[in-house]
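Input: a single structure, listed below in structure tokens.
In structure tokens, the structure reads:
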């Protein structure tokens, strides 16, 4: 057992990376805890996302700046899915002893984190670090805020509601397939677009804010593990059935150009960080009129909420049960 | 690259472990984020503590219940050192693929976390998990609260202030030495006490609250890496010198019985989770009169704050510079 961490060198390094400090952050890196002053009338949102080398990313295909951005994007996306404003985050790093990672690597990693965090209002506020005999591991803990009672939950979908998704899910999985060399002679332009979408996902914070401030969604979740898995989450938490229309699921031209797997990538692929949400039909007019212009992201009506349970999908004119969790992993 | 986590099985397991849910926690495990309602007039405290197998703990000598308690104790201690009230925490777990860890192991781990968390008012509120090709890794993110402007910082020590520590630092390091078999024929009673102090450290939350609510401390830090390292932190952050008196550092009878290293354990050992703080002489009466009775923990006056920089210690009648960070670790 070796003692480790919290060493001054790393804290000084971190302080130099901190940058942006919003007024709500009363105290950032360097004490026993960061101090954040909550906005009156708001509730706090707490989330964390763990990224493990060789499980969630491969250093051979992910440059450190993009790795930092993606790590923060995962938590920003959780706050977005709650309809909240990202405010502050802490970063825990387990750093492999094998020592191939340079100071420049970490500067670049934090620069990527900061670029994504600051773009959406979240300040690097602290963290912890340790050496590790294992892989590089990044854990982001994010604090967000949302007006009292306005958070978008997974549990609010009701029979009769419509099901929407933002953007074009599947791009990220296609980009990963490109990076892993799994596609034969992929179209270069399409490959470049998909890879960018994989490495630099843009969390839908504006979209989440539109939905919460306009009370436009009955339930919401971010698409981190594919539409199938997230639809099952909404179905379970809301106690409803969800019917999806395969033809309505928006696939980007890039993802269509990259393979026959396009729909599977959207249903089963990960890390799109688009939003999947439900809304009562009374909100359709508002969404059609204002969503795109106010959030910058496209919106597609892809299904309906029904009484019952489970998720079905209509494909080639036929209804079929859509299995949950293509990538389910058993710990025990 | 394998897809991972956030699998339903683990979330369901976590929900079953959640237990205590204070009214401020509006939404716990199972959505994209937990929702916490801040108390009016309070600021939020954010901290995280990363524990890595073989760096911070050894599964051969640390039972899972104690491991959970210790992991949460580290964060509780950070909140205590800020003078705050622990409220909620998230747990990220990287779980080794080698699969020697049973469901019972994790039940016990969470039971230990909950026991320590609930004892001080903090609710298990969520987390993330992943498989990992490396060691078991536990990262705790804790949210605490403290009255606006009342947080105890590291930066408030002023020349003329007195330096205090709580309890008996060094016990934990002595206990670790026992567990690692480094002591020859240790006294059995003393060994048992020290091992208990190592495995189940009690964070000084009541002491921290006394200091913040009574405005009794000018600066405060928790002793997680030994008095020497923490005194240097206070010295640096406050821009002052700190003089310590070796004879005044309180060593428990157990730690004295275990070896000649007793003072070194207190100065350089880790994870005591006692508090080291400074206070103006005007607070001495209050501290002598009320501290022990109101917090349950003993208090020792161990030094003085001076103009200048650095940390000195008087030992056998001679002043000597006390080196920083006996266990400093270089990442780069």
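Chains as they are written, first to last, in my numbering: chain A, 416 to 747; chain B, 416 to 747. Glycine residues also receive a C-beta, built at the ideal position from the N, C-alpha and C atoms. These numbers come from a predicted model, not from an experiment.
Through-space distance from residue j to residue i, alpha-carbon basis
| i | j | result |
| --- | --- | --- |
| residue 558 of chain B | residue 595 of chain A | 39 Å |
| residue 560 of chain A | residue 598 of chain B | 51 Å |
| residue 709 of chain B | residue 534 of chain B | 17 Å |
| residue 536 of chain B | residue 717 of chain A | 44 Å |
| residue 563 of chain B | residue 461 of chain B | 14 Å |
| residue 701 of chain B | residue 578 of chain B | 15 Å |
| residue 686 of chain B | residue 713 of chain A | 52 Å |
| residue 586 of chain B | residue 668 of chain B | 10 Å |
| residue 583 of chain A | residue 605 of chain A | 14 Å |
| residue 725 of chain A | residue 570 of chain A | 14 Å |
| residue 520 of chain A | residue 640 of chain A | 28 Å |
| residue 642 of chain A | residue 661 of chain A | 11 Å |
| residue 723 of chain B | residue 430 of chain B | 52 Å |
| residue 676 of chain B | residue 455 of chain A | 52 Å |
| residue 634 of chain B | residue 693 of chain B | 5 Å |
| residue 612 of chain B | residue 674 of chain B | 16 Å |
| residue 573 of chain A | residue 698 of chain A | 13 Å |
| residue 432 of chain B | residue 631 of chain B | 38 Å |
| residue 727 of chain A | residue 485 of chain A | 31 Å |
| residue 479 of chain B | residue 524 of chain B | 5 Å |
| residue 678 of chain B | residue 590 of chain A | 58 Å |
| residue 732 of chain B | residue 666 of chain B | 18 Å |
is_contact[residue i, chain B] using C-beta, thresh 9 Å
| i | result |
| --- | --- |
| residue 556 of chain A | yes |
| residue 462 of chain A | yes |
| residue 774 of chain A | In the structure as shown, chain A begins at 416 and stops at 747. Residue 774 of chain A is therefore absent and cannot be evaluated. |
| residue 732 of chain A | no |
| residue 666 of chain A | no |
| residue 508 of chain A | yes |
| residue 438 of chain A | no |
| residue 714 of chain A | no |
| residue 398 of chain A | Here chain A covers residues 416 to 747 and nothing more, so residue 398 of chain A does not appear. |
| residue 590 of chain A | no |
| residue 417 of chain A | Note on residue 417 of chain A: pLDDT 37, under 50, position unreliable in the model; the coordinate value appears next. So yes, residue 417 of chain A belongs to the interface. |
| residue 602 of chain A | no |
| residue 537 of chain A | no |
| residue 569 of chain A | yes |
| residue 559 of chain A | yes |
CB contact below 9 Å: residue i versus chain E
| i | result |
| --- | --- |
| residue 625 of chain B | Among the chains of the structure shown, chain E does not appear; the protein chains present are A and B. |
Partners in chain A for residue i, counting only beta-carbon separations shorter than 8 Å
| i | result |
| --- | --- |
| residue 690 of chain B | Near residue 690 of chain B there are no residues of chain A at all, since even the closest Cβ is about 10 Å away, more than 8 Å. |
Partner residues on chain B for residue i, Cβ-Cβ distance less than 8 Å
| i | result |
| --- | --- |
| residue 584 of chain A | Correct list: empty, because the minimum Cβ distance to chain B is about 15 Å. |
| residue 547 of chain A | 467, 470, 549, 550, 552 |
| residue 481 of chain A | Within 8 Å Cβ-Cβ: nothing; residue 481 of chain A doesn't reach chain B, min ~14 Å. |
| residue 503 of chain A | 461 |
| residue 442 of chain A | 566, 568 |
Min CB distance residue i to chain A below 9 Å
| i | result |
| --- | --- |
| residue 611 of chain B | no |
| residue 705 of chain B | no |
| residue 744 of chain B | Summary for residue 744 of chain B: the model assigns pLDDT 41, below 50, so the residue's position carries little reliability; its value from the coordinates is reported in the next sentence. True, the Cβ-Cβ gap to chain A drops below 9 Å. |
| residue 533 of chain B | no |
| residue 670 of chain B | no |
| residue 718 of chain B | no |
| residue 575 of chain B | no |
| residue 724 of chain B | no |
| residue 499 of chain B | yes |
| residue 747 of chain B | Unreliable placement is indicated for residue 747 of chain B, whose pLDDT of 43 sits below 50; no coordinate value is reported for it. |
Contacts of residue i in chain A (Cβ-Cβ under 7 Å)
| i | result |
| --- | --- |
| residue 494 of chain B | 448 |
Neighbour list for residue i in chain A, Cβ cutoff strictly below 9 Å
| i | result |
| --- | --- |
| residue 709 of chain B | In chain order: nothing, as chain A lies at least about 21 Å away. |
| residue 542 of chain B | 463, 465 |
Listed by chain order, chain B residues near residue i by CB distance under 9 Å
| i | result |
| --- | --- |
| residue 652 of chain A | 445, 446 |
Chain A contacts made by the region 448–459 of chain B, where a contact means CB separation under 7 Å:
Of all residues in the region 448–459 of chain B, only 448, 449, 450, 451, 452, 453, 458, 459 come within less than 7 Å of chain A when Cβ atoms are compared, listed by chain position.
Within the region 504–562 of chain B, ranges of the alpha helix (DSSP H) (whole runs, at least 4 residues)
518–534
Taking only beta carbons into account, state which residues of the region 519–532 of chain A come closer than 7 Å to chain B, listed in chain order.
none
Go through the region 637–666 of chain A residue by residue and report every complete run of the alpha helix (DSSP H) that reaches 4 residues or more, in order.
DSSP runs (the alpha helix (DSSP H)) wholly in the region 637–666 of chain A: 642–653.
Give, in chain order, every unbroken run of the beta strand (DSSP E) that is at least 3 residues long and sits entirely within the region 440–465 of chain B.
440–442, 449–451
Length-filtered (4 minimum) alpha helix (DSSP H) runs lying within the region 469–510 of chain B
479–496
Could you tell me which whole alpha helix (DSSP H) segments of length 4 or greater appear in the region 604–631 of chain A?
The DSSP assignment places 620–628 as complete runs of the alpha helix (DSSP H) inside the region 604–631 of chain A, in order along the chain (cut-off: 4 residues).
Runs of 4 residues minimum, wholly inside the region 659–728 of chain A: which ones carry the alpha helix (DSSP H) assignment?
668–672, 677–683, 707–710
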